[in-house]
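Chemist: Going down the list, the protein sequences come from chains S and R.
Under UniProt numbering, the residues of the first sequence are numbered 1 to 154, in order.
Under UniProt numbering, the residues of the second sequence are numbered 1 to 450, in order.
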Amino acid sequence: MGSQKRIAKELAELVESPPEGILVKLADESNLYTWHIYMDGPEGSPYYNGKFLLNLTLPTEYPFKPPTVSFKTKIYHPNVTNDDKGSMCLGMLRADEWKPSSRIQAVLQFARQLLAEPMPDDAVEGRIAEQYKNDRKRYEEVAKEWTRKYAVDS
Amino acid sequence: MADAGDRMFCHACGGVWLRNADDMVCPHCESDFTEIIEIPPDPDADLPPDRSPSAPAPASARPNPWADHNPWAHQEEDDDLDHGWGSGAGTGPGNGNGNGFTHRTYRSPDGRFTFSTTTYTHGFPRRSPPSQQPVNDPLMPVMQGLGSIFNGLAGTYRQQNAPGSSSNQPQTPDRDRGRTLGSFEFDIEADGRAGRQEGLHPRDADGPQPMNNPLRTLSDILELFRSDFGTNTQAGGSGVRVVGGPNPLAMLSTLLNFDRHGDAVYSQEELDRVISQLIEQNANRGAPPPAPATAIQSLPKKKVDAEMLGSEGRAECSICMDTVDLGTEVTILPCKHWFHYHCIELWLNQHNTCPHCRRSIDASQHEEPEGTRNNPTVIPDSPEPAPRRSSGGENGPSQTHGAQSPSGWSSQSFSSWSSPWSGSEEPRRSSREGSGVAAWLRSRLGGGSS
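1. Can you check whether the C-beta of R/Ile279 is within less than 8 Å of a C-beta belonging to chain S?
2. Inspect the CB distances between the region 93 to 113 of chain S and the region 19 to 30 of chain S and report whether three or more fall short of 8 Å.
3. Would you give the residue range spanned by the beta strand (DSSP E) that S/Val107 belongs to?
4. Counting only runs of 3+ residues fully inside the region 282 to 319 of chain R, write out the beta strand (DSSP E) ranges in chain order.
5. Under 8 Å Cβ-Cβ, which residues of chain S neighbour R/Trp347?
6. Find the residues of chain R that neighbour S/Arg148, judging by a C-beta separation of less than 7 Å, and give them in chain order.
7. Taking 8 Å as the CB-CB cut-off, is S/Arg6 touching chain R?
8. So, at 6 Å on beta carbons, what are the nonlocal neighbours of S/His36 in its own chain, with the 5 sequence-adjacent residues on each side left out?
9. Over what stretch of residues does the alpha helix (DSSP H) that includes S/Arg136 continue unbroken?
10. Please state the DSSP three-state secondary structure of R/Ala55.
11. I'd like to check one pair, S/Leu58 with S/Tyr38: are the Cβ atoms closer than 8 Å?
12. At a CB-CB cut-off below 7 Å, which residues of chain R make contact with S/Lys9?
13. Should R/Arg359 be flagged as near chain S, meaning a C-beta pair shorter than 8 Å?
14. So which residues on chain S does R/Pro355 lean against when the C-beta distance must stay under 7 Å?
15. Using the beta-carbon count (16 or more within 10 Å), is R/Gly310 buried or exposed?
16. Who are the Cβ neighbours of S/Pro120 in its own chain at under 7 Å, not counting the five residues just before and after it?
17. Would the beta-carbon of R/Cys335 fall within 8 Å of that of R/Cys357?
18. What residues are listed by DSSP as bridge partners for S/Leu26?
19. Should R/Thr294 go down as buried or exposed, given a rule of 16 or more other Cβ atoms within 10 Å for buried?
20. Just to confirm my understanding: we take R/Val304, look at its own chain, exclude 5 residues before and 5 after, and list those with CB closer than 8 Å. What are they?
21. Check the Cβ-Cβ distances between R/Ser276 and every residue of chain S, and say whether any is below 8 Å.
22. Could you tell me whether the Cβ of R/Gln350 comes closer than 8 Å to any Cβ of chain S?
23. With 16 as the cutoff for other CB atoms within 10 Å, does S/Glu10 come out buried or exposed?
24. Less than 8 Å between the C-beta atoms of S/Leu115 and S/Ser45, yes or no?
25. Using a Cβ cut-off of 8 Å, pull out every chain S residue sitting near R/Ser318, in sequence order please.
26. Using CA atoms only, rank isn't needed, just tell me which of S/Ser101, S/Ala95, S/Lys72 and S/Glu140 is closest to S/Tyr150.
27. If you follow the beta strand (DSSP E) that R/Trp17 is in, where does it begin and where does it stop?
28. At the level of alpha carbons, what is the spacing between S/Ala85 and S/Glu140?
29. Comparing C-alpha positions only, which one of S/Gly126, S/Arg138, S/Asp40 and S/Ala95 sits nearest to S/Phe64?
30. Across which residues does DSSP place S/Lys72 in a beta bridge pair?
31. Taking only the alpha-carbon atoms, compute the straight-line gap between R/Ser31 and R/Cys10 and give it to the nearest angstrom.
32. Starting from R/Ile344 and walking both ways along the alpha helix (DSSP H), at which residues does that stretch end?
33. Does the distance from the CB of residue 155 of chain S to the CB of S/Trp146 come in under 8 Å?
34. Distance, Cα to Cα, R/Pro93 vs R/Leu18?
35. Do R/Ala306 and R/Ile361 have their beta-carbon atoms positioned less than 8 Å apart in this structure?
36. Using DSSP with H/G/I as helix, E/B as strand and the rest coil, what is R/Glu35?
In structure tokens:
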């Protein structure tokens with residue numbers, strides 16, 4: 001009950017004044033707990049020009065439990081699992097790091113920042129992280145290729 | 001008594017010969033560790049009274065009566081060997097001093113289970129008493145201990161199975177020798193009919209045949225069980241029996257699940273499964289524990305005054321994000337952050353830390369009331385536009401110390417942020433400080449790692 005009020009409030013703020021490169025919609029108008037996030041690849045990153053769809057799911061215990069974020073658009077990134085789940089590993093979303101005073105806006109900004117600056121030391125895709133660290137050029141090539149292939153409307 | 005009928009026994013090589021005048025040297029090995037035997041040797045006779053109990057009867061003209069000494073010689077004559085104990089002995093290709101091994105086979109009455117020991121003996125010229133032989137083999141006490149255990153077991157078993165011959169406790173003559181090396185083997189015979197035939201092992205008239213493929217390893221034994229359970233075609237059926245479920249094979253395969261056995265996994269899928277299970281189990285592991293209800297109820301409450309609202313004159317509970325007006329009663333944590341009572345209660349019921357600064361509400365753990373006093377880091381309200389791949393720290397830390405933006409959601413809530421963190425997190429975080437907006441976000445949100 002209380003959570004719905006807060007969620008609605010956060011959603012309203014995000015819709016009214018969306019952060020740069022982030023567009024928020026409810027996946028289903030009757031359900032406050034599942035959001036669709038459209039995220040533009042940050043300029044300067046290999047994801048630039050890509051438009052990534054993310055799912056943000058809020059637990060009923062929100063804000064006492066963290067939301068979960070997953071990429072629906074395939075993305076070549078050290079911190080996003082390279083499977084159909086597209087789980088994104090955000091430290092602030094872990095149960096032991098989550099604070100009720102954290103906001104969805106901050107989560108989304110953090111997620112987008114992660115596109116500009118991957119954190120290979122906290123990677124979920126170790127191979128991509130290695131490549132990011134050791135062969136940045138190749139990593140950017142592949143990431144750009146994937147962006148072009150999966151995240152750009154033709 | 002040293003008449004011409006006396007015989008000589010050589011303790012070194014075990015040779016026996018007719019005494020030849022005063023020549024006390026063994027003609028076989030030229031050892032002078034010999035003894036005059038006053039009673040003509042008879043393998044089946046009792047030991048002469050003047051011999052030490054440890055000395056075996058000179059069995060024959062075999063080079064080493066120690067090696068061939070058969071402690072069950074009498075029993076073999078008395079017992080039906082089908083449930084008796086066989087022993088075989090061989091003489092190693094050593095020198096005349098009698099290097100050799102003794103092989104013993106204990107076989108269960110039905111022949112299904114065979115336990116054999118092989119004791120290797122290094123012969124020493126018995127010039128000195130065995131008790132003075134230096135025990136320089138570290139394994140020797142162990143082997144002797146095992147040998148005594150097995151001998152004890154064997155004796156018990158024999159008493160149970162052959163009560164008539166229980167007086168013939170097996171003796172291990174090798175233990176009286178200076179140096180004993182042993183090996184023990186457990187053999188389980190797959191078909192229940194094979195018997196070991198080695199050395200001078202007496203033939204089992206009931207038909208045991210030499211086993212072609214002795215089981216030496218654990219996997220052999222497991223395989224035996226598996227095949228045994230699977231076929232279950234034992235005619236005699238007097239051996240190992242499995243009383244069990246409807247499908248012994250399935251039961252066994254559960255027991256012997258090689259994909260997952262305890263903490264060990266043998267396949268990638270199982271490893272993944274274990275890892276995800278651990279992740280799930282640890283999802284809440286690092287989180288602080290709930291606060292006790294009494295501690296929550298005893299938190300001080302206060303009506304919001306102008307000072308608490310700050311310079312903007314408005315504030316909100318950062319849990320429900322509702323605006324808090326003057327005069328509203330709020331609950332204040334020891335760290336001075338305040339919330340609606342029902343909001344903070346819900347949180348504290350799960351974790352005993354402040355939703356802002358993570359400080360425990362347990363008053364005993366507080367060092368400072370306000371983080372800002374020591375580290376007046378003021379975080380701007382919103383990040384700068386994402387930088388092109390941050391090229392260093394030039395816009396890093398300075399940004400985090402920028403002017404406070406008066407508007408928005410964090411001006412109050414996040415005004416004092418960094419120092420209450422535990423010291424252990426600080427170095428890690430500061431090492432990333434140079435990465436601009438990411439550092440800003442990390443330091444603000446505590447999302448230093450993902």
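Beta carbons: idealized from backbone N, C-alpha and C, even for Gly.
All figures in this text were calculated on a predicted structure; none of them were measured in a lab.
Modeler: According to the data block:
1. Using beta-carbon distances, R/Ile279 does not count as an interface residue toward chain S, since no partner is under 8 Å.
2. Touching, per the Cβ criterion.
3. Per DSSP, S/Val107 lies in no beta strand (DSSP E) segment; the continuous alpha helix (DSSP H) that holds it begins and ends at Ile104 to Ala116.
4. Listed in chain order, the beta strand (DSSP E) elements of length 3 or more contained wholly in the region 282 to 319 of chain R are 301 to 303.
5. Within chain S, the residues near R/Trp347 are Phe64 and Pro100.
6. The premise fails here: S/Arg148 is roughly 19 Å from chain R at the closest Cβ pair, so nothing lies under 7 Å.
7. Any Cβ of chain R closer than 8 Å to the Cβ of S/Arg6 would place that residue at the interface, and such an atom is present.
8. Apart from the 5 residues on each side of it in sequence, S/His36 sits with its Cβ closer than 6 Å to the Cβ of Lys25 and Ala27 in its chain, given in chain order.
9. Element bounds for S/Arg136: Arg136 to Trp146.
10. Low per-residue confidence applies at R/Ala55: pLDDT is 45, beneath 50, and the placement is therefore not dependable, though the value from the model is reported in the following sentence. R/Ala55: coil per DSSP, three-state reduction.
11. It is not a contact, given that the beta carbons lie outside the stated cut-off.
12. Within 7 Å Cβ-Cβ: Met321.
13. Judged by the 8 Å Cβ criterion, R/Arg359 is not in contact with chain S.
14. Those within 7 Å of R/Pro355 in chain S are Lys99, Pro100 and Ser101.
15. By the neighbour-count definition (other C-beta atoms within 10 Å, threshold 16), R/Gly310 is an exposed residue.
16. Taking S/Pro120 as the centre and dropping the five residues before and after it, the same chain places the C-beta of Pro78, Ala129, Tyr132 and Lys133 closer than 7 Å to its C-beta, in chain order.
17. Yes, the pair counts as a contact, with Cβ atoms nearer than the cut-off.
18. For S/Leu26, which the question treats as bridged, DSSP gives the partners S/Trp35.
19. R/Thr294 is exposed by the Cβ-count criterion.
20. Ala315, Val324, Asp325, Leu326, Gly327, Thr328, Glu329, Val330 and Trp338, listed in sequence order.
21. In terms of beta-carbon proximity, R/Ser276 stays away from the interface with chain S, with every pair separated by 8 Å or more.
22. Yes, R/Gln350 lies at the interface with chain S (some Cβ there is under 8 Å from its Cβ).
23. Buried, since its Cβ has 16 or more Cβ neighbours within 10 Å.
24. Yes, the pair counts as a contact, with Cβ atoms nearer than the cut-off.
25. Residues of chain S whose Cβ lies closer than 8 Å to the Cβ of R/Ser318 are, in chain order, Pro100 and Ser101.
26. The residue among S/Ser101, S/Ala95, S/Lys72 and S/Glu140 with its C-alpha nearest the C-alpha of S/Tyr150 is S/Lys72.
27. Taken as a continuous stretch (DSSP letters only), the beta strand (DSSP E) holding R/Trp17 covers Val16 to Leu18.
28. Going by the sequence as given, residue 85 of chain S is Lys instead of Ala. Using only the alpha carbons, I get a separation of about 22 Å.
29. Nearest C-alpha to S/Phe64: S/Ala95.
30. Note: S/Lys72 sits in no beta bridge, so no partner.
31. Each residue's Cα considered, the two are about 7 Å apart.
32. Secondary structure note for R/Ile344: its alpha helix (DSSP H) is the uninterrupted segment Tyr341 to Leu348.
33. Residue 155 of chain S falls outside the range modelled here, since chain S spans only 1 to 154, and no answer is possible.
34. Bear in mind that the predicted position of R/Pro93 carries a pLDDT of just 43, short of 50, making it too unreliable to give a figure here.
35. Taking 8 Å as the cut-off, the Cβ atoms of R/Ile361 and R/Ala306 do not count as close.
36. Strand, per DSSP.
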